[in-house]
Each structure stands twice: as C-alpha cells, then as structure tokens.
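Undergrad:
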Amino acid sequence: MLISPPEPIAAQPIDSSPEIARQIVDLMLSIMADGLDHPELWAMIPGFVATQPMLLPILEGEAIIAHDDAPGRAARLLLGLCLAQVGDVDAVIDALAPIAADHSQSPLVQGVLFHLNGLADPDNPKYTLAGKICEIPFREMDVLERSTHLCCASWLPTSAGDLSATDWPDVWNSDTAQAIRASIHDGSYRYCNKGACPKIQSNALLPTDTLAARSAGWSDIVTGAMTALPVGPEVVNLAYDRTCNLSCPSCRTDRFAADDATRLRFSEMQERAILPLLATARTVFITGSGDPFTSKNFRQLMHQLTPAAYPDLRFRIMTNGMLFTPAQWESFPSLHGRVATLKISIDAATGPTHERLRRGARWPVMLDNMAFAGDLMAQGLIDGFELVFTVQTDNYCEMGDAVDLAHRVGANGINFLRLTNWGTFTAAQYRDRAVFLPFHPDHHDFQARMHDPRLQDPIVLLGDLESFLPDGATCQRKYVC
Ligand code: SF4
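Note that the sequence shown covers residues 483 to 963 in my numbering.
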C-alpha cells in the first residue's frame, strides 16, 4: 500500500495581540505570587519580549500604578526582567537595588537579582546551578521556635513544619520538605535566598556526579531524585531559644530570657522530639538563636547528651563568648573531647566596637575567654575554634585586624558574613548598616577594604562576601554544612 506523505503543517502565526500580552503578564504575576524564585519563567522572557510588542507597555503601566506591596514589587521585577532584554542590564540592576536591599530575605527578589547579575556576568560559573547540587536539605534540620527549616532559615525561609506540634519524621518528610528537595533536584533552587546563600555566592555547590559518587546513599538520592528520605538528619541545628545574656543591636532591641511557660514548652519538645532526633544525628549545633550557656534549656540538653547515651554525636557550639570561662567548661563534661567546632561571635577587632555591637559585653573578659578557647584548641581538647564576624557599617574597617586577632587568640578559622535583617531593623535602618550594598555611602571604602590581603588568609571564610574580593582572587575556605 502506498502511503502518501503527510501534508506539511503550516506554521501557526503568533498571536501578538494586547489580549495575549495581558494574559502572559497576568499568568506570570500569578506564578510570582508565591514569593519564590522561578528561573524557568525568567528563561521564557526573551521569547515573550521578542514576540509580544505590547508586553513592555503593559508592564510599564503596571509598574507606574503599582503599590509598595508584593504584587507591585512583582510587577516592577517583571518589568526589570523584560527591560534587561532590550536595554542595559547594569542599569536595570541599579534600578532594582533599593527593592533588593529592602527585601534581602525574599527568595523571589533575590532570585530575580541573581538572574539579572548572571545576564550581566555570563562567564561567572556561580550563576549556573544546573548540574550542581546542595546536600544540605538532605542532611540538615534547623529547629526554630515555631518553624523548622532544611537549611539556615535566613537562606531558606520556608518552614517544613512545626516541630513543637509535630513528630519529627512528619516534618522531615512533609510535603513542603519534599518540594524543597525537588527544587534542588530540578536546579531551580526556588526556595533558596540566592543573594544570601554562601554556597551559591561562593560557587561552592558540588557537581551532581561528585555527590553521587560519595556513597551508595547519595547515589540513590541523586539518581533517583529522592525527596522523601528513609533516615533522619545528620546535622541538627537548635535555634529555638532566643535567651541570651547580651542584646546585640544586629539581633534584638532588648535582652531576652524565655519565661517559665516557654521553657516548659521547650523542655517538652526536647524530650519528645529533639532527644530522639539526636539519637541518629552526627552533629548538633547549639545555637544561632541566643547563647547556649545562658539558656537553661540548652544547658539541660548539653548535660543530657552524654557520650554514653549519644556516642556518635559531636557538637558545634556557637556563643558570644562572655560566659566561656574555664569554670563553665569544667561544668560541661559532656562537651569534653566532643566539640567539632567552637564558634565565638565577635563582630569586632577592638574593644569599643565590640562593646557597641555586643551590648552588655566587656572586651577584657572576651580577650581572656578567647585566649582560653585558643588554649583548648592548642591542647587538642576541641577540634576547631573559629571567630564569627557579621559585617556592617560599624565594623567593616576592622575586618583585616580581625584576621590578625583570630591568629593571636589561636583560632583556626574566621567567618565573615553579611548583616542579615532578622526583622530587627526597619528598611531604612538596614540600608544604613548594610555597607555591602552598592548605593551605601561607604561602599567604595568597603570595597577597598575587601582588597586587604589579610582577607585572603587560608583561615578566612568569606561566604556571601566573596564576590567583593579583587578580580581573580578566591577564598580558599568554602562553606560546608
Ligand atoms: S545552602 Fe544555599 S543552596 Fe543549599 S539549601 Fe541552603 S540556601 Fe539552598
């Protein structure tokens, strides 16, 4: 039987009517309403701009009447993404900089800026996430007071559930937890704050093949694109108790101590969820939320985590250091020989700056306590000792001196990171302190300080500040969870 060749299908003319352009705008804005990043959508914009001449006029109209709210912001971001196709990308980035500064915690805003910066710097490998994988949501759980995250809440703000009201396996493999892991597998990283994440900003994500080759378990996760995990987290970050002996301006306006009812609630969660969770974990991090030696709950927990009951567990301790004295150390035998890293959050290299940014602290005490930590390190009684330095207007001039200080006190690491707005500051106050933002009046001086050769010392970790190093320079240490 003879089969006649099929009739050629005529190419369909593209409908470029205002109605279609309006539908495209409405559809994109509705997708952006979830506040997450949508790189697959940004990739379609060149095609829309090329075929829909009414798209830009419609978006310009939207942006003019937009309110300073989430829909208005989305319209301005979308207009910026479209303008970047027909004009100067750097000018668009500059125009959106105030929105980026005021919404430093938004995955959508930071994702759009990440995309635009990638257009402006196409050869920079950090802007290509395809073929790379972040292992953190597959191995870490960060427990806050009413939410639980699969990474630092500042970098991955979406909660996977509330551990104070839910059993940990139901949080660890909740629908949201699985959606977050799916976004790592599909390369969108849509839940991640791409502007703040130190792994993304320092191009430290692993090639997918490298992680798959690490073990059979990782191979299953990577090749099977697994989102529900049969085992619990390896790393548990406890950040639910904000109790602290200081009231640092970057964190809070007043000193805070949990009241009796709150402590009771934390105790119940510790017994019901945290202790069982730690039975299979390898590392517990106490704490990024306050001070472990001030919190009664964390003190009780550290006593309970004995080597006999938790033989494989190791500690990462983060403290402001004011209470880290020899007597305090002696009173916690459960920590002895089991501290992988002691982090002292210092934010300064001089007494006046330290006492201003660590309200309630005393510099001479800090010097003694840091020297004590250095002695523990030198004697092999702790495995790591690092200083932590949150960069802001008040202290950026001391970054280089802080590296010298770290060496002097015997630390084997110093971690610099950008100031985060945890809701402590108004947008204007944050802009005033965020010296790393391009329109800050001291930004040029900050950039010059980033060329200090001491910031390329092997003990330095720059994370989300690495892009300010001189061209061609890289940080030798990379963020690991
Ligand atoms: S480290 Fe970065 S990439 Fe990994 S989960 Fe956290 S925010 Fe996402």
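Just so it is clear, CB atoms sit at the ideal spot from N, CA and C, and this is done for glycine as well.
How would you call residue 776, buried or exposed, if buried means at least 16 neighbouring beta carbons within 10 angstroms?
TA: Residue 776 is buried by the Cβ-count criterion.
Undergrad: Classify residue 425 as buried or exposed, calling it buried when 16 or more other Cβ atoms lie within 10 Å of its own Cβ.
TA: Nothing can be reported for residue 425: it is not among the residues displayed for the chain, which extend from 483 to 963.
Undergrad: Three-state secondary structure (DSSP) at residue 472?
TA: Nothing about residue 472 can be read from this structure; the chain reaches only from 483 to 963.
Undergrad: Measure how close the beta-carbons of residue 619 and residue 632 come, nearest whole angstrom, since I'm counting them as under 8 Å.
TA: So it is a contact: roughly 4 Å between Cβ atoms.
Undergrad: Helix, strand or coil for residue 859, going by three-state DSSP, please let me know.
TA: Residue state, collapsed to three classes: helix.
Undergrad: Roughly how many angstroms separate the alpha carbons of residue 924 and residue 875, rounded to a whole number?
TA: So the two alpha carbons sit approximately 8 Å from each other.
Undergrad: Given residue 503, which residues of its chain have a CB within under 6 Å of its CB, disregarding the five upstream and five downstream residues?
TA: Closer than 6 Å at Cβ, skipping near neighbours: 534, 536, 537 and 540.
Undergrad: Taking its Cβ as the centre, do 16 or more other Cβ atoms sit within 10 Å of residue 683, making it buried, or is it exposed?
TA: Result: buried.
Undergrad: If you reduce the DSSP assignment to three classes, tell me which class residue 784 lands in.
TA: If DSSP states are grouped into helix, strand and coil, residue 784 belongs with the helices.
Undergrad: Are the CB atoms of residue 855 and residue 871 within a distance shorter than 8 Å?
TA: Cβ atoms of residue 871 and residue 855: not closer than 8 Å.
Undergrad: So what's residue 800 in DSSP terms, helix, strand or just coil?
TA: In the structure shown, residue 800 sits in a strand (DSSP, three-state: E or B).
Undergrad: How about residue 674: is its Cβ closer than 7 Å to a heavy atom in the ligand SF4?
TA: Yes, Cβ of residue 674 sits closer than 7 Å to a heavy atom of the ligand SF4.
Undergrad: Cα separation between residue 802 and residue 569?
TA: Distance between the alpha carbons of residue 802 and residue 569 is about 48 Å.
Undergrad: On a Cα-Cα basis, can you pick out the residue from 762, 615, 771 and 877 that is closest to residue 696?
TA: When each option's Cα is compared against that of residue 696, the closest is 615.
Undergrad: Do residue 671 and the ligand SF4 come close, with the Cβ less than 7 Å from some heavy atom?
TA: Checking every heavy atom of the ligand SF4 against the Cβ of residue 671, one is found closer than 7 Å.
Undergrad: Determine the direct distance from the alpha carbon of residue 784 to that of residue 692, and round the result to whole angstroms.
TA: Cα-Cα distance, rounded: 35 Å.
Undergrad: Rounded to whole angstroms, what's the CA-CA distance from residue 581 to residue 591? Just pull it up for me.
TA: If you take the alpha carbons of residue 581 and residue 591, they lie about 8 Å apart.
Undergrad: Give the C-beta separation of residue 688 and residue 622 to the nearest angstrom, bearing in mind that I take them to be a contact with Cβ-Cβ under 8 Å.
TA: Wrong, their Cβ atoms sit about 15 Å apart, outside the cutoff.
Undergrad: So does residue 590 have its beta carbon nearer than 7 Å to some heavy atom of the ligand SF4?
TA: It does not: the Cβ of residue 590 is nowhere closer than 7 Å to a heavy atom of the ligand SF4.
Undergrad: Cβ atoms of residue 815 and residue 763: under 8 Å apart, would you say?
TA: Contact flag unset, no.
Undergrad: Secondary structure at residue 643, three-state DSSP: helix, strand or coil?
TA: Note: residue 643 maps to strand in three-state DSSP.
Undergrad: Check whether the Cβ of residue 811 lies closer than 7 Å to any heavy atom of the ligand SF4, and answer yes or no.
TA: No, the ligand SF4 has no heavy atom inside 7 Å of this Cβ.
Undergrad: Note down, in chain order, each residue of its chain lying with its Cβ closer than 6 Å to the Cβ of residue 965, except the 5 sequence neighbours on either side.
TA: Residue 965 lies beyond the range of the chain shown here (483 to 963); nothing can be said about it.
Undergrad: Note down the Cα distance separating residue 527 from residue 900, rounded to an integer number of angstroms.
TA: Rounded to whole angstroms, residue 527 to residue 900 spans 31 Å at the Cα level.
Undergrad: The ligand SF4 and residue 957: does the residue's C-beta get closer than 7 Å to at least one heavy atom of that ligand?
TA: Residue 957 Cβ: outside cutoff for every heavy atom of the ligand SF4.
Undergrad: From residue 548 to residue 558, what does the alpha carbon distance come to, in whole angstroms?
TA: Approximately 8 Å, taken between the alpha carbons.
Undergrad: What's the gap between the Cα of residue 628 and the Cα of residue 960?
TA: In a straight line, the C-alpha of residue 628 is about 30 Å away from that of residue 960.
Undergrad: Does the separation of the CB atoms of residue 779 and residue 748 fall below 8 Å?
TA: In this structure, residue 748 lies closer than 8 Å to residue 779 by Cβ.
Undergrad: The beta strand (DSSP E) that contains residue 618, what's its start and end?
TA: Careful: residue 618 lies outside any beta strand (DSSP E) and carries neither H nor E.
Undergrad: Of all the options 646, 909, 908 and 669, which has the alpha carbon lying nearest to the alpha carbon of residue 593?
TA: Of 646, 909, 908 and 669, the residue nearest in Cα terms is 669.
Undergrad: On the CB-based measure, 16 or more other CB atoms within 10 Å of its CB, does residue 746 come out buried or exposed?
TA: When all chains shown are included, residue 746 counts as exposed.
Undergrad: Taking 7 Å as the cut-off, is the C-beta of residue 619 nearer than that to any heavy atom in the ligand SF4?
TA: Yes, the beta carbon of residue 619 sits closer than 7 Å to at least one heavy atom of the ligand SF4.
Undergrad: Please name the residue in 515, 579 and 713 whose C-alpha comes closest to that of residue 556.
TA: Of the candidates 515, 579 and 713, the one whose C-alpha sits nearest the C-alpha of residue 556 is 515.
Undergrad: So is residue 921 buried or exposed if we call it buried at 16+ other beta carbons inside 10 Å?
TA: Result: exposed.
Undergrad: Taking the alpha-carbon of residue 846 as reference, which of 860, 831 and 857 has the nearest alpha-carbon?
TA: Here the closest residue by C-alpha is 831.
Undergrad: Would you list the one or two residues that DSSP bridges to residue 826?
TA: 801 and 869, per the DSSP bridge assignment.
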